[in-house]
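Heads up: the structure comes next, in structure tokens.
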Amino acid sequence: MSSRRSPPNGEFFRFIRYFRSTGTVCEDFFESHNMFQDRAAYALSNCRLFVNPLCVQLMNFSASLQNHWRGKRFNSINRVLRDAFHARVYKIGLRLDFTCPNRDGTVAVGGCIYCNNASHTPQDYRPRTSVTAQLEQGAIAVQKRHKAEKFIAYFQSYTNTYESALKLERLYREALEFPGVVGLAIATRPDCLPDDILDLLSDLSRHTYLWLELGLESMHDRTLAWVNRGHGLREYIDAVERAKDRDLQVCTHLILGFPGESRRDILQTPALFNRLAIDGVKLHNLHVIKNTFLEKLYYSGQVPLFSRDEYITLVVDFLERLNPDIVVHRLTGETYRAITVAPDWSIDKLGVHNAIFQALESRDTWQGRLYSTDTRMSSVELNFARLQGAPL
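Using the working numbering, read the sequence shown as starting at 871 and increasing by one per residue.
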């Protein structure tokens, strides 16, 4: 439930109270800072009047926020890239001859139950094709389709730090030498980031634009075990902290819709991300791809999937709780129609995006509306997760 007034035009100050016990959100808007301060001081000095007050948040909410986000109600990577490079920048996905530790027997065999790496990059990219050859092919495609002017070389398939630092440096630098490449995105697992690899990425980041993309997929260890990830939450927290110590930009991948995870389970995750101060997030709906173990489970009736409306509602709820400084790289997963089993609605990426935009508008909400320092995971909870690797 919520008690919300329509905001006045122009600049104003927003006062929000959230009550855990009732789930009620109350909002007031003040046109002057003095009025806001008087109301906030009264609330804080008389907190016994409220039931478990969670936050009192000051936000100078004006047209400048949506102007900063280029008209969107969330902090989009497209806006970040446009502001950084003043050009159309698109990723070119690369598929190299790597593997994963849960494929080769190091921590498990078979890989993640949902994974078919053919869904990541075009089928005519071969694992042993050189970085330069793939970039040449990809550049032609994104220039034709999106009128791209500059590129991010996206080391995407499998685990792209699961090699020696010497070999990885050669591959990364080969990508950076390609005309038009202005940065790197490195997708990997949290348990495949030894210090020498992080030092390499840190050195590269001083000279180029770089995102380290970490696959968490779920913050709940029971889910990570079920999908055969071969690591837990503890390894993720450790990897993020060591990466942030080196000033690396960290983007986390998260899949929404695993069996056994409730809405409450999923909506615990923004607090973790806020507490760790990650820089970016990619949201994916759980979808079933051909030639995966998940496909077998789906056909045996063990994998219910979100409807389109359920997913859209959950994404909006997630964004409301997410620190507005965190950059949203993706709102939904997508793959090729030919290898998609279900759900059918996930094939229409643009339609899902538009529906999320419309839901944000219709609910008059935005990324971070329910965020405050109190919505972050506490240091006690974070230490428990780090030491025990247990779901919170």
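Beta carbons: idealized from backbone N, C-alpha and C, even for Gly. Quantities reported herein were computed from a predicted structural model and do not represent experimental measurements.
Less than 8 Å separating the beta-carbons of residue i and residue j?
i       : j       : result
TYR1024 : ALA1003 : no
THR1093 : PHE1128 : yes
ARG1099 : ASN972  : yes
LYS1020 : ALA957  : yes
VAL1173 : VAL1151 : no
TYR1079 : HIS1016 : no
GLN1007 : LEU964  : no
THR1162 : TYR1028 : no
LEU1086 : HIS1123 : yes
GLU1180 : VAL1211 : no
PRO1060 : GLU1131 : no
ARG1191 : LEU1240 : yes
CYS982  : VAL1097 : yes
ALA1009 : GLY1050 : yes
LEU1175 : PRO1213 : yes
VAL1001 : GLU1033 : no
ILE1226 : ILE1182 : yes
SER1216 : ASN1155 : yes
PHE968  : LEU1005 : no
Looking only at DSSP bridge pairs, what is residue i linked to?
i       : result
ILE1159 : THR1210
HIS1090 : DSSP output for HIS1090 lists no bridge partner at all.
VAL1197 : GLY1150
ASP967  : In DSSP, ASP967 forms no bridge with anything.
TYR960  : PHE1021
VAL979  : ASP974
SER1232 : Note: SER1232 sits in no beta bridge, so no partner.
SER946  : VAL1198
I think residue i touches residue j, with their Cβ atoms under 8 Å apart; what is that distance to the nearest whole Å?
i       : j       : result
VAL1185 : LEU1153 : 6 Å
SER1075 : LEU1126 : That pair is no contact at about 29 Å.
ARG1112 : LEU1063 : 7 Å
LYS1219 : ASN986  : That pair is no contact at about 18 Å.
So, for residue i: in the same chain, excluding its five sequence neighbours on each side, which residues have a beta-carbon less than 8 Å away from its beta-carbon?
i       : result
ILE1067 : THR1031, ALA1035, LEU1038
VAL1197 : ASN945, SER946, ILE947, VAL950, CYS1121, ASP1149, GLY1150, VAL1151
Please go through the same chain and pick out, in chain order, the residues whose beta-carbon is closer than 7 Å to the beta-carbon of residue i, but skip the five residues on each side of it.
i       : result
PHE955  : LYS1020, VAL1052
HIS990  : Summary for HIS990: the model assigns pLDDT 47, below 50, so the residue's position carries little reliability, and this model does not support an answer.
ASP1187 : LEU1137
PRO1194 : ASN945, GLN1237, GLY1238, TYR1241
SER876  : Any reading at SER876 needs caution, since the residue's pLDDT is 47, under 50, leaving its predicted position unreliable; the model's value is listed next. Around SER876: no qualifying Cβ.
Apart from the five residues just before and just after residue i, which ones in its own chain have a Cβ nearer than 6 Å to its Cβ?
i       : result
ARG943  : LEU1230, TRP1236
ASP1115 : none
How about residue i: is its C-beta nearer than 8 Å to some C-beta of chain B?
i       : result
SER1170 : Reference to chain B is not applicable here, since this structure consists of a single protein chain.
Following a CB-centred definition, is residue i positioned closer than 7 Å to any heavy atom of the ligand GTP?
i      : result
THR999 : As for the ligand GTP, it is missing from this structure, which has no ligand bound.
Notebook entry, point to check: If you scan the segment 1099 to 1129 from start to end, which runs of the alpha helix (DSSP H) of 4 or more residues do you find wholly inside it?
Noted result: 1103 to 1115
Margin query: Which complete alpha helix (DSSP H) runs does the segment 1023 to 1088 hold, if anything under 4 residues is left out?
Written below: 1035 to 1046, 1065 to 1075
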